[in-house]
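**Student:** Numbering (my numbering), first residue to last: 1 to 257.
Note that the Cβ used here is the ideal one computed from N, Cα and C, for glycine as well.
A quick note: this is a predicted structure, and the numbers were derived from the prediction, not measured.
1. So, for residue 112: in the same chain, excluding its five sequence neighbours on each side, which residues have a beta-carbon less than 8 Å away from its beta-carbon?
2. Look at the alpha carbon of residue 11 and the alpha carbon of residue 209, and state the distance between them as a whole number of angstroms.
3. Where does residue 106 sit, in a helix, a strand or coil, going by DSSP?
4. For residue 154, count the other beta carbons within 10 Å of its own beta carbon; 16 or more makes it buried, fewer makes it exposed. Which is it?
5. Taking 8 Å as the cut-off, does the region 66-76 touch the region 91-102 (at least 3 CB pairs, one atom from each stretch)?
6. Touch check for the region 38-54 and the region 69-87: three-plus C-beta pairs under 8 Å?
7. For residue 16 and residue 114, what's the separation of their Cα atoms in angstroms?
8. Beta-carbon separation of residue 80 and residue 105 under 8 Å?
9. Quick check on residue 215: buried or exposed, where buried means 16 or more other Cβ atoms within 10 Å of its Cβ?
10. Thinking just about the alpha-carbon of each residue, which of 130, 212, 110, 34 is nearest to the one in residue 247?
11. Check this for me: beta carbons of residue 75 and residue 103, under 8 Å apart or not?
12. Considering only residues of the region 30-83, which uninterrupted beta strand (DSSP E) runs meet the minimum length of 3 residues and lie entirely inside it, listed in chain order?
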């Protein structure tokens, strides 16, 4: 009696950040080729996935209906869920935990040796990274506030207004946040106050430059996708609320100037 070799079965899960990318195929073909190459190496030259699931991510970072469908399909078919690049998603704790806790077999074409333990560790690292980014942001803001407070106190002690006059003649209040209503702006004229408000907004935008680099290092996320990623990691917008696509667009515009 000869041994029977069972050909492995695969269900493919691909991911794009925007509807435009999904319609154009931008980013999908590279993922497809990585998945196809892996399947051919394991199941033969003519093999392919049982089905391909493509996720076009919305602003809700945890809303992944195609991932859930792909996981169910893989479990019911006793197949392996295959994704192209785990490193692309290694900072997303919610995705990693969903993958780990699904009970389905999975493999990443770029990290074929990854297992439940690997995924669990990556999820812990992603969560730790989120907390560290928050901690660094708060610490940097505290240092800047303290420095501005000391400079303002020194000017007040010398009988001067707690503002910094720039070379172009505009006035910059020595504080973080919205300067509207601040004593240092009263009596300086509406034009100067407006200029100071704009400078304050630019300062707040600059505080998020490193955060954006950490969350979206390749700059590939759409405004809606980036807003979802920031909300998932617990960041508040410059106005203290949840991020929206519009607030991301405004922030990117300020950082581009």
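**Tutor:** In terms of the structure at hand:
1. For the purposes of this step, residue 112 is taken as the residue at position 112 of the chain shown. Hits under 8 Å: 38.
2. For the purposes of this step, residue 11 is identified with residue 11 of the chain shown, where counting begins at 1. For the purposes of this step, residue 209 is identified with residue 209 of the chain shown, where counting begins at 1. Rounded to the nearest angstrom, the two C-alpha atoms are 38 Å apart.
3. Taking the chain shown and counting its residues from 1, the one referred to as residue 106 is at position 106. Residue state, collapsed to three classes: strand.
4. Along the chain shown, one-based indexing puts residue 154 at 154. Residue 154 is classed as exposed because its beta carbon has fewer than 16 other beta carbons within 10 Å across all chains shown.
5. yes
6. yes
7. The residue you call residue 16 lines up with position 16 of the chain shown. The residue you call residue 114 lines up with position 114 of the chain shown. Roughly 22 Å separates the two Cα atoms.
8. Indexing the chain shown from 1 puts residue 80 at position 80. Indexing the chain shown from 1 puts residue 105 at position 105. Against a cut-off of 8 Å, the Cβ pair of residue 105 and residue 80 comes out as a contact.
9. To locate residue 215, count along the chain shown from 1; it is residue 215. Taking all protein chains shown into account, residue 215 has 16 or more neighbouring C-beta atoms within 10 Å of its C-beta and is therefore buried.
10. Counting from one through the chain shown, the residue named residue 247 turns up at place 247. Nearest option by C-alpha distance: 212.
11. Looking up residue 75 in the chain shown gives position 75. Looking up residue 103 in the chain shown gives position 103. Cβ atoms of residue 75 and residue 103: closer than 8 Å.
12. When DSSP assignments are scanned along the region 30-83, the uninterrupted stretches of beta strand (DSSP E) that are 3 or more residues long and fall wholly within it turn out to be 52-56, 80-83.
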